[in-house]
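Colleague: First, the structure itself, so that you have it in front of you.
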Amino acid sequence: MSLAGERRPVDVSVVTSGHDVADARLHREVAALVAHGLNVEVLGLGQEADGPPGATVRTWPRQGSLGRARLAAEMAARAHGRVLLTLDPDSAIAANAAVLSSGRVLVVDVHEDFAALLSDRPWTAAFGGLAGLGARGLVATFMAIAQRAALTVVADDHVPPLQARNRFVLPNAPVADLLPPPGPRDPTPRALYVGDVRATRGLFAMIEAVRLAPDWHLDVVGPVAPADADRLAQILRADAPDALGERGHLHGRQPPTQAWAHAAGAWCGMLLLVDTPAFARAVPSKLGEYLMCGLPVVTTDLPRQAVVVTESGAGVVVPGGEDEAVGAAVAAHLRGWSADPTGLDDAARAALAHASRGATPAGSPSVYSEFAARVAALL
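Counting in the numbering used here, the sequence shown runs from 339 upward without gaps.
Structure representation (structure tokens):
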């Protein structure tokens, strides 16, 4: 636990029954709050050591879908902050009840379009079933609470609720302090993926691409979705004839600084999202992080991320589709880059140039510092 013996009153309690304390957005938000001089505690999942520096961190084991609501209520009851900042629907609902009974302040972070996200989860695929009905009811309740919260933080302009009474857009912009500086590439070609690891985020397309580019390695950093774990384990078996063997490296969930340390020496970043309702309008945070690390990006043709890569020249865009087709298209680019890295050099320079144009000028408030000021104003 960080800051043992700290006796200042807690200003902000960050509460999440669905996110690990290693979550990158959580780290960015807490860093901004701490830098603003606020005393912050984090109540979440995972290991306390993986939590954000500068905050008091308390953790619980991950629960199943039925246990999350109970855990959220327990966390809300144990939170000491004047402001309760929630990061998921269960926690927002529980914290709202705690706020109503105690006169404290609720801030809701809506980092995704949760209604659209339902289509990206296998357990809600059949919306006529109990799981689907329960999930839709949960999201509807969550949206009503988010709309009337003291502050509603959203990750993008299109993310609901659009009519919240006090709405602040906090995009997942990269934070240089969490990233390694750009540097030379490793001698061995290596692709990198950092984030949630699942089929709809391109997991099996990435593996197919590197399988077809035998001089390349692949680092995957992040938690693997349970629904995809068995298929992944089978593919990565070293004794399978066409497996990656020792060229595929699964690092699991890591705090942001550790996760992005794998970018040092990598040749490119992978961003092979499937065209689902949850992703169609998204600009994933890893796009900006890859670019700030000087990594060319290989992306599928979802509109917003494809525009960034195409207009900046900082990588290549491949058509979406089945994993095998996407993987084959990516592999062609990987083999070309390892045969002649000239195009990769140009894309790396373009990545850094684009990141530099989007960076906050020295001495100017960042969007994170503005977020912290908005939270502090509620105290």
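By construction, the Cβ of each residue, glycine as well, lies at the ideal position given by its N, Cα and C atoms.
On a predicted model such as this, the values are computed, not experimentally measured, just so you know.
Please check the pair Glu627 and Trp598, which I expect to be a contact at CB under 8 Å, by giving their CB distance rounded to whole angstroms.
Modeller: So it is a contact: roughly 7 Å between Cβ atoms.
Colleague: Compute the Euclidean distance between the alpha carbons of Arg400 and Pro518, then round it to the nearest angstrom.
Modeller: Roughly 30 Å separates the two Cα atoms.
Colleague: Just how far apart, CA to CA, sit Leu341 and Leu371?
Modeller: Any reading at Leu341 must be qualified, since the residue scores a pLDDT of 46, below 50, and its modelled position is unreliable; the value itself is stated next. About 15 Å.
Colleague: Helix, strand or coil for Glu379? Go by DSSP, reduced to three states.
Modeller: Of the three classes helix, strand and coil, the one that applies to Glu379 here is strand, per DSSP.
Colleague: Let me make sure I understand the geometry here. Which of Val645, His692, Leu611, Ala710 has the alpha-carbon closest to that of Val668?
Modeller: The candidate whose alpha carbon is nearest that of Val668 is Leu611.
Colleague: Could you tell me the alpha carbon to alpha carbon distance between Arg503 and Ala488, rounded to whole angstroms?
Modeller: Whole-angstrom Cα-Cα distance: 8 Å.
Colleague: If we ignore side chains and look at the alpha-carbon of each, how far apart do Pro509 and Ala493 end up?
Modeller: Each residue's alpha carbon lies about 4 Å from the other.
Colleague: Could you give the DSSP three-state label for Val668: helix, strand or coil?
Modeller: Residue state, collapsed to three classes: helix.
Colleague: Near Ala543, what residues of its chain come up, given a Cβ to Cβ distance below 6 Å and the 5 sequence neighbours on each side ignored?
Modeller: Closer than 6 Å at the Cβ level, and outside the excluded window around Ala543, lie Leu610, Asp661, Val664, Gly665.
Colleague: So is Val548 buried or exposed if we call it buried at 16+ other beta carbons inside 10 Å?
Modeller: Answer is buried; the Cβ neighbour count reaches 16.
Colleague: How many Å lie between Thr424 and Ala414 at the Cα?
Modeller: Each residue's Cα considered, the two are about 9 Å apart.
Colleague: Is it true that the CB of Trp554 sits closer than 8 Å to the CB of Arg523?
Modeller: Not a contact, by the Cβ cut-off of 8 Å.
Colleague: Since Gly405 is in the alpha helix (DSSP H), which residue starts that stretch and which ends it?
Modeller: It spans 403–416 - the alpha helix (DSSP H) in which Gly405 sits, taken as one unbroken run.
Colleague: For the putative contact between Leu516 and Thr595, defined by C-beta atoms under 8 Å, what is the C-beta separation to the nearest angstrom?
Modeller: The Cβ separation is near 5 Å, so the contact holds.
Colleague: Is it true that the CB of Gly560 sits closer than 8 Å to the CB of Gly533?
Modeller: Going by C-beta atoms, Gly533 is nearer than 8 Å to Gly560.
Colleague: Going by the CB atoms, is the gap between Asp358 and Gly382 shorter than 8 Å?
Modeller: Result yes, Cβ atoms of Gly382 and Asp358 sit closer than 8 Å.
Colleague: Is it buried or exposed, Ala711, if we count other Cβ atoms within 10 angstroms and call 16 or more buried?
Modeller: Exposed, by the Cβ-count rule.
Colleague: Say the cut is 7 Å; is the CB of Leu625 nearer than that to a heavy atom of the ligand PLP?
Modeller: The model on display carries no ligand, and the ligand PLP is accordingly not part of it.
Colleague: If I measure Cβ to Cβ from His589 and keep anything under 6 Å in the same chain, skipping five residues before and after, which residues do I get?
Modeller: So the list reads Val559, once near-sequence residues are dropped.
Colleague: Just how far apart, CA to CA, sit Gly441 and Leu717?
Modeller: Gly441 and Leu717: Cα-Cα distance of roughly 12 Å.
Colleague: Is Ala688 helix, strand or coil by DSSP?
Modeller: Ala688: helix per DSSP, three-state reduction.
Colleague: Could you tell me if Leu672 is buried or exposed, where buried requires 16 or more neighbouring beta carbons within 10 angstroms of its beta carbon?
Modeller: It counts as buried.
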